[in-house]
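**Q** Protein chains in written order, with my numbering: chain A, 120 to 508; chain B, 120 to 508.
Before we start, here is the structure in question, set down as structure tokens.
2 protein chains.
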Amino acid sequence: MNWTLAMRTAKMDPSALREILKTTERLGIINLAGGLPSPKTFPVQAFADACRHVLRHHGEAALQYAVSEGYGPLREAVAAMLPWEVDPDQVLITTGSQQGLDLVAKVLIDPGSPVLVETPTYLGALQAFSPMEPQPVVVACDDEGMMAEDLAAKAAGGRFVYLQPNFQNPTGRTMSEARRIAVLDAAMYAGLPIVEDNPYGELWFDQPPPLPLAARNPEGAIYLGSFSKVLAPGLRLGFLVAPKAVYPKLLQAKQATDLHTSIFTQRMAHEVIKDGFLDRHVPTIRALYKQQRDAMLIALAHEMAGLDVHWNVPAGGMFLWLRMPEGIDTTRLMPQAVMRGVAFVPGAPFYSEASDVRTMRLSFVTASISDIDRAIAALAQTVREALAA
Amino acid sequence: MNWTLAMRTAKMDPSALREILKTTERLGIINLAGGLPSPKTFPVQAFADACRHVLRHHGEAALQYAVSEGYGPLREAVAAMLPWEVDPDQVLITTGSQQGLDLVAKVLIDPGSPVLVETPTYLGALQAFSPMEPQPVVVACDDEGMMAEDLAAKAAGGRFVYLQPNFQNPTGRTMSEARRIAVLDAAMYAGLPIVEDNPYGELWFDQPPPLPLAARNPEGAIYLGSFSKVLAPGLRLGFLVAPKAVYPKLLQAKQATDLHTSIFTQRMAHEVIKDGFLDRHVPTIRALYKQQRDAMLIALAHEMAGLDVHWNVPAGGMFLWLRMPEGIDTTRLMPQAVMRGVAFVPGAPFYSEASDVRTMRLSFVTASISDIDRAIAALAQTVREALAA
Chain A
120 MNWTLAMRTA KMDPSALREI LKTTERLGII NLAGGLPSPK TFPVQAFADA CRHVLRHHGE
180 AALQYAVSEG YGPLREAVAA MLPWEVDPDQ VLITTGSQQG LDLVAKVLID PGSPVLVETP
240 TYLGALQAFS PMEPQPVVVA CDDEGMMAED LAAKAAGGRF VYLQPNFQNP TGRTMSEARR
300 IAVLDAAMYA GLPIVEDNPY GELWFDQPPP LPLAARNPEG AIYLGSFSKV LAPGLRLGFL
360 VAPKAVYPKL LQAKQATDLH TSIFTQRMAH EVIKDGFLDR HVPTIRALYK QQRDAMLIAL
420 AHEMAGLDVH WNVPAGGMFL WLRMPEGIDT TRLMPQAVMR GVAFVPGAPF YSEASDVRTM
480 RLSFVTASIS DIDRAIAALA QTVREALAA
Chain B
120 MNWTLAMRTA KMDPSALREI LKTTERLGII NLAGGLPSPK TFPVQAFADA CRHVLRHHGE
180 AALQYAVSEG YGPLREAVAA MLPWEVDPDQ VLITTGSQQG LDLVAKVLID PGSPVLVETP
240 TYLGALQAFS PMEPQPVVVA CDDEGMMAED LAAKAAGGRF VYLQPNFQNP TGRTMSEARR
300 IAVLDAAMYA GLPIVEDNPY GELWFDQPPP LPLAARNPEG AIYLGSFSKV LAPGLRLGFL
360 VAPKAVYPKL LQAKQATDLH TSIFTQRMAH EVIKDGFLDR HVPTIRALYK QQRDAMLIAL
420 AHEMAGLDVH WNVPAGGMFL WLRMPEGIDT TRLMPQAVMR GVAFVPGAPF YSEASDVRTM
480 RLSFVTASIS DIDRAIAALA QTVREALAA
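Next comes the structure, spelled out in structure tokens:
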């Protein structure tokens with residue numbers, strides 16, 4: 120049989136993250152690699168109540184085909200949640216925010232289209248864009264996020280710039296207010312649309328992050344959000360907000376892709392959140408994750424002393440970014456760390472080019488605090504051995 | 120703001136079906152247009168019990184991220200359901216079988232790739248393939264389905280042939296046993312892979328349809344199935360079965376598209392079906408739909424007498440195919456029918472080329488039998504008036 124694969128499949132590689140996650144399923148490995156929210160935060164009872172209500176009162180509607188835009192009351196709830204004036208008609212419910220990236224790619228990327236990205240950037244976005252064969256253009260970044268001057272220099276001809284301004288995956292960094300203004304100015308001057316991905320924005324620790332870029336220029340941005348980090352990822356519920364210039368095409372792409380997102384899970388989620396549930400629930404996630412981050416920072420300060428390892432202090436989210444001493448390649452370090460009982464994600468796959476092989480991503484949200492202590496100690500020991508070798 | 124749309128979006132039109140469905144939401148219109156299963160068949164109580172069980176015993180796992188392949192026990196259940204030996208490792212759970220079409224397109228279609236289709240064919244497949252910009256190649260069909268000689272003549276260079284052999288959408292027709300053998304021979308001789316889409320196969324009335332083409336040559340076919348017609352469409356649960364030559368790429372495309380299908384709805388569906396539920400439930404759907412089909416056949420025989428209107432007798436599924444007299448264009452007939460209180464789907468959008476404008480699709484499954492009688496009478500009256508005009 121002559122299975123001729125599309126040329127784009129040559130760029131589809133098994134996810135490095137995925138393969139790594141598989142190795143960590145071994146008993147006894149402390150997994151700091153995953154991007155999983157802490158299951159302690161899942162409101163299981165609220166979902167159980169919501170299911171019962173939805174099936175008792177709206178059983179047939181919740182199990183039937185539904186419109187591609189999404190469940191009306193959920194679109195209204197999303198619009199009302201966002202910190203700028205959003206017309207519910209501009210909200211499209213997606214099968215997780217990953218699907219938002221797939222739809223954006225279908226509607227905005229031709230083969231070879233330049234797409235500007237942070238460095239490093241979210242690996243899942245590179246994977247979602249890849250089937251449409253963009254030409255990623257790496258824009259320089261520092262601790263405050265994307266650098267406006269470099270964006271201005273590279274913006275010409277770009278289809279859009281893709282950004283995670285809040286508690287970015289993988290680095291945990293957040294764009295400052297000043298940087299948002301500068302980046303927005305550069306994008307507007309160049310006529311460059313912004314695709315703003317904000318899965319972690321609600322998970323702030325001490326104060327909310329600055330206003331989204333989309334809030335400042337809604338006609339120039341597609342905004343992607345998710346219920347995965349504030350309710351539960353297993354439902355696969357996300358959303359996008361898009362201006363009228365692109366919404367109809369995104370909607371048509373959505374319809375062709377999976378007709379609509381499960382109306383049952385949409386109605387369930389709406390039932391859970393409709394009476395201000397998130398206002399009570401999300402602060403408990405923030406408090407838990409802050410405590411977890413602090414535990415990791417303390418363990419790092421203690422265990423990595425004198426090792427020339429550097430890390431940041433994320434103001435929210437799930438991830439912390441480490442840079443190892445000269446001579447360490449974290450991809451090569453990984454098997455040794457796993458042997459010592461700890462898994463992390465090497466930074467290299469998050470770079471579209473010029474990887475910094477000394478970097479790694481650590482999740483601080485799922486391991487217990489005692490496991491974090493043990494894991495960071497094991498990691499420090501692994502580094503020491505690697506340096507001695 | 121310079122929103123440059125991808126070239127492929129020029130081919131994304133608002134779905135004709137979708138726009139028509141909107142007009143039929145008007146009160147009092149009897150909708151024979153929809154592709155919706157009858158909500159009477161939804162096992163609401165079984166879902167309520169399953170939700171309670173899943174959340175009580177597996178709450179955290181059912182709400183967490185999950186693997187892209189799908190829930191293991193559901194993959195095993197799918198493999199066991201199918202009428203040939205299927206390794207669960209070859210099963211991929213999809214967000215409805217519509218997503219299966221999207222993944223197939225991403226993995227097998229380059230811009231301009233010839234894709235062989237029936238005439239008419241499922242509109243949703245044309246829409247799912249469209250973003251990858253195939254060149255559809257129309258293969259002649261008769262009442263037994265695709266004609267093997269024409270397939271053989273056009274197979275060279277094709278990426279795959281797309282077929283719905285059972286109770287096809289839109290025509291309701293079924294490929295005979297002899298035709299399956301002939302089409303399979305032609306495809307195998309040409310080395311042409313088959314994409315076999317079978318959402319309706321379980322909905323047979325008097326006897327099961329012949330064995331799937333994929334069952335006869337699993338290495339040469341991707342098989343798509345769905346829970347939408349045997350459980351409920353609102354969950355968005357489908358599956359595909361693919362040979363090792365393409366499964367890994369389909370899996371990577373799945374991961375990039377939406378990470379995984381909702382693990383909550385997967386576990387719910389598995390909980391419902393695990394003890395032979397479908398063996399008891401599906402016969403009730405078959406009995407209902409057969410009764411509905413018979414009511415429509417009787418109404419047609421009665422109301423269309425002397426009008427030179429022709430229709431088929433589907434052996435299962437949800438749809439019946441009508442051909443109007445010379446001079447009638449069903450797209451132009453539609454507004455007049457809606458004014459008389461009945462909606463149908465004109466046949467034209469289902470043709471990739473050379474539309475037969477005299478055709479229309481009628482669903483017999485959702486309207487009540489008294490509504491079917493009234494709707495067919497109204498349709499006959501509309502035809503009479505059009506012929507007199």
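Think of the CB as a built atom: it goes at the ideal place given N, C-alpha and C, for glycine as much as any other residue.
(1) For a minimum of 3 consecutive residues, which ranges assigned as the beta strand (DSSP E) are wholly contained in the stretch 331-389 of chain A?
(2) If you check the beta carbons only, do B/Pro-444 and B/Leu-416 fall under 8 Å apart?
(3) Locate the alpha helix (DSSP H) running through A/Phe-69, then write down its first and last residues.
(4) Buried or exposed: where does A/Tyr-308 fall if 16 or more other Cβ atoms within 10 Å of its Cβ makes it buried?
(5) For B/Ser-187 and B/Thr-380, what's the separation of their Cα atoms in angstroms?
(6) Once DSSP output is grouped into helix, strand and coil, what is the label at A/Phe-438?
(7) Quick check on the burial criterion: 16 or more other C-beta atoms within 10 angstroms. Buried or exposed for A/Val-210?
(8) Taking any Cβ of chain B, which residues in the stretch 150-170 of chain A have a Cβ under 7 Å from it, in chain order?
(9) If you measure beta-carbon to beta-carbon, which residues of the stretch 278-301 of chain A are closer than 7 Å to chain B?
(10) Let me check understanding here. Comparing Cα to Cα, which of B/Val-280, B/Leu-222, B/Lys-348 lies closest to A/Ala-375?
(11) Helix or strand or just coil, what does DSSP make of B/Thr-485?
(12) Please name the residue in A/Asp-475, A/Gln-455, A/Thr-450 whose C-alpha comes closest to that of A/Val-464.
(13) Could you check whether the stretch 279-299 of chain B touches the stretch 310-328 of chain B, counting it as contact only if at least three pairs of C-beta atoms, one from each stretch, sit closer than 8 Å?
(14) Roughly how many angstroms separate the alpha carbons of B/Thr-128 and A/Glu-422, rounded to a whole number?
(15) Kindly indicate the opening and closing residues of the alpha helix (DSSP H) around A/Glu-268.
(16) Could you round the C-beta distance between A/Val-476 and A/Ala-467 to whole angstroms and report it? I think they count as a contact, below 8 Å.
(17) Please list, in chain order, the chain E residues whose beta carbon lies closer than 7 Å to that of A/Phe-383.
(18) Between the stretch 183-212 of chain A and chain B, which residues of the former have a C-beta closer than 9 Å to a C-beta of the latter?
(19) How many angstroms separate the CA atom of A/Arg-355 from the CA atom of A/Leu-370?
(20) What residue does the alpha helix (DSSP H) around A/Gln-283 start on, and which one ends it?
(21) Along the alpha helix (DSSP H) that carries A/Thr-450, what are the first and last residues, could you check?
(22) Kindly list, in the order they appear in chain B, the residues whose Cβ is closer than 9 Å to that of A/Gly-178.
(23) How big is the Cα-Cα spacing for A/Leu-407 and B/Met-453?
(24) Taking only beta-carbon atoms, is A/Trp-122 less than 8 Å away from chain B?
(25) Look up B/Ala-128 in the DSSP assignment and say whether it is helix, strand or coil.
(26) Taking B/Val-365 as the query, report the chain A residues whose CB atoms sit under 8 Å from its CB, ordered along the chain.
(27) Any idea what DSSP makes of B/Thr-478, helix, strand or coil?
(28) Give every residue of the same chain whose Cβ lies closer than 8 Å to the Cβ of A/Leu-364, excluding the five residues on either side of it in the sequence, and list them in chain order.
(29) List, in chain order, every chain B residue whose beta-carbon is nearer than 8 Å to that of A/Pro-312.
(30) Nearest CA to the CA of A/Met-265: which residue from A/Gln-500, A/Met-294, A/Leu-359?
(31) Could you pull the start and end residues of the beta strand (DSSP E) that A/Leu-235 belongs to?
(32) Of the residues that make up the stretch 247-259 of chain A, which ones have a beta carbon closer than 8 Å to any beta carbon in chain B?
(33) Please classify B/Thr-213: does DSSP put it in a helix, a strand, or coil?
(34) B/Gly-291 and B/Gln-254: beta carbons closer than 8 Å?
(35) Quick one: residues in its chain with C-beta nearer than 7 Å to the C-beta of A/Ala-494, no 5 flanking neighbours on either side, listed in chain order?
(36) Just to check my reading of the structure: B/Leu-303 and A/Val-226 have Cβ atoms closer than 8 Å, yes? What is that Cβ distance to the nearest angstrom?
**A** So, from the data block:
(1) Entirely contained in the stretch 331-389 of chain A, the beta strand (DSSP E) runs reaching 3 residues are, in chain order, 340-345, 357-360.
(2) no
(3) Since the first residue shown for chain A is 120 and the last is 508, residue 69 of chain A is missing from the structure and cannot be characterised.
(4) The C-beta of A/Tyr-308 has fewer than 16 other C-beta atoms within 10 Å across all chains shown, which makes the residue exposed.
(5) 7 Å
(6) strand
(7) buried
(8) Cβ contacts with chain B: Leu-155, Pro-158, Phe-161, Val-163, Phe-166, Ala-167, Cys-170.
(9) Arg-278
(10) B/Leu-222
(11) coil
(12) Nearest option by C-alpha distance: A/Thr-450.
(13) yes
(14) In this model, B/Thr-128 and A/Glu-422 are separated by some 54 Å (Cα to Cα).
(15) 267-273
(16) 6 Å
(17) The question asks about chain E, but that chain is absent: this structure's protein chains are A and B.
(18) Gln-183, Tyr-184, Ala-185, Val-186, Ser-187
(19) 18 Å
(20) No alpha helix (DSSP H) holds A/Gln-283; DSSP gives it neither H nor E.
(21) 449-458
(22) Pro-158, Phe-161, Val-163, Gln-164, Phe-166, Ala-167
(23) C-alpha separation (whole angstroms): 59 Å.
(24) yes
(25) The amino acid at residue 128 of chain B is misidentified as Ala; the sequence shows Thr. Look at B/Thr-128 here: in three-state DSSP terms it is helix.
(26) Within chain A, the residues near B/Val-365 are Trp-122, Leu-124.
(27) strand
(28) Per the sequence shown, residue 364 of chain A should be read as Ala rather than Leu. The residues are Glu-338.
(29) Met-120, Asn-121, Trp-122
(30) A/Met-294
(31) 233-236
(32) Ala-247, Ser-249, Pro-250, Met-251
(33) Reduced to three states, the DSSP call for B/Thr-213 is strand.
(34) no
(35) Ile-149, Leu-151, Val-461, Ala-486
(36) The pair is not a contact, with the Cβ atoms about 38 Å apart (cut-off 8 Å).
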